[in-house]
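UniProt numbering numbers the first residue of the sequence shown as 1 and each following residue consecutively.
No residue lacks a Cβ here, since even glycine has one placed at the ideal position from N, Cα and C.
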Amino acid sequence: MGEFVRVETADGVATIRLDRPKMNALNGQVQREIGECARQVDADPEVFAVVIYGGERVFAAGADIKEMAAMSYADMAAHSRVLQDCFTAVARIGKPVVAAVTGYALGGGCELALCADIRIAGESAKLGQPEILLGIIPGAGGTQRLPRLVGPARAKDLIFTGRHVSAAEALEIGLVDRVVPDADVYTEALAYAAKFVGGPAVALRAAKQAVDHGLEADLDTGLEIERLAFSGLFATDDAKIGMSAFAEKTQAKFTGR
């Protein structure tokens, strides 16, 4: 349990909760705690899905600028790898991950949301990559994950201008997947995550890895990734359980093996 980031688990869903008042600024400690929590929920067999949440007011307003301003090139050359590793730990959670976005998700906050599989935003949420206005660029995956999600032209627009986008525009360009009233963001995220509780955990992990790794490869390589994952699932108990239940017209009771 970190000082600013903690895991709260209930009914098979884990929430990675950011809690560094007032704006959840992502200093080095918060970044490391995010990585630790991500690895924890990934390894926990009692967790089927994960929600990332910053509270009712704000998701995360970005990096701690005062901390960054004091860093030299040598400092950041060393720290940037830690930063990316912590966020990549979130992206590599082998379970469905939902970002519950309230208020600001800017800079590192937006990059953290990009590490989720699904993004549910409140109506007043604001997202963006404003690093260019500081004379720098996104450093926690924004230049790589954002264009993969919304396309290179839209990603360049956001990164070049540093502008904030509303929840409505974020939905239009595919930066978020659903917009709900602000008060309903966390509840909606939990409800979505709950769909996977008791589900075929091995197959879900394989599906996520096949999509994510396939996006990093050419089509032929991606198809081979899919073929190997698909074939491998026939060695699992869950595949036998699922197909038997289908044939017998009963509810599958997956074991995660």
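Whole-Å CB distance - residue i paired with residue j, under 8 Å assumed
| i | j | result |
| --- | --- | --- |
| V202 | L228 | The Cβ separation is near 14 Å, so there is no contact. |
| L83 | A140 | 5 Å |
| residue 258 | L106 | No answer is possible for residue 258: it lies beyond the span of the chain, which begins at 1 and ends at 257. |
| L26 | G109 | 7 Å |
| T102 | F160 | About 26 Å; that fails the 8 Å criterion. |
| E226 | A210 | 5 Å |
| L158 | L114 | L158 to L114, Cβ: 11 Å. No contact. |
| V165 | G142 | Their Cβ separation, rounded to whole angstroms, is 13 Å, which puts V165 and G142 out of contact at 8 Å. |
Residue-level contact to chain D via CB, residue i, 8 Å cutoff
| i | result |
| --- | --- |
| C86 | No chain D appears in the structure shown, which is made up of a single protein chain. |
Strand pairing of residue i, partner residues [DSSP]
| i | result |
| --- | --- |
| residue 259 | This structure cannot speak to residue 259, because the chain is shown only from 1 to 257. |
| R6 | R17 |
| L106 | G128 |
| H79 | Answer by DSSP bridge pairing: none, since H79 is not bridged. |
| A63 | L26 |
| S166 | K126 |
| A113 | None; A113 has no bridge partner. |
| A99 | I52 and R119 |
Contact check, residue i vs residue j, beta carbons under 8 Å
| i | j | result |
| --- | --- | --- |
| E111 | P152 | no |
| E188 | I120 | yes |
| V41 | A10 | no |
| L204 | K95 | yes |
| E3 | Q31 | no |
| V5 | E46 | no |
Start and end residues, alpha helix (DSSP H) containing residue i
| i | result |
| --- | --- |
| V185 | V185 to A194 |
| G122 | Element bounds for G122: not the alpha helix (DSSP H) but the beta strand (DSSP E), I118 to G122. |
| V150 | G142 to V150 |
| A245 | D237 to E248 |
Enclosing beta strand (DSSP E) for residue i [first to last residue]
| i | result |
| --- | --- |
| G128 | K126 to G128 |
| R178 | R178 to V180 |
| V197 | Note, V197: premise wrong, no beta strand (DSSP E); not H, not E. |
task = Could you tell me whether the region 87-94 touches the region 64-71, where touching means 3 or more Cβ pairs closer than 8 Å?
result = no
query = Are the region 238-252 and the region 180-197 in contact at 8 Å, needing three or more beta carbon pairs?
reply = no
query = Would you call the region 200-218 and the region 52-63 in contact, with 3 or more CB pairs under 8 Å?
reply = no
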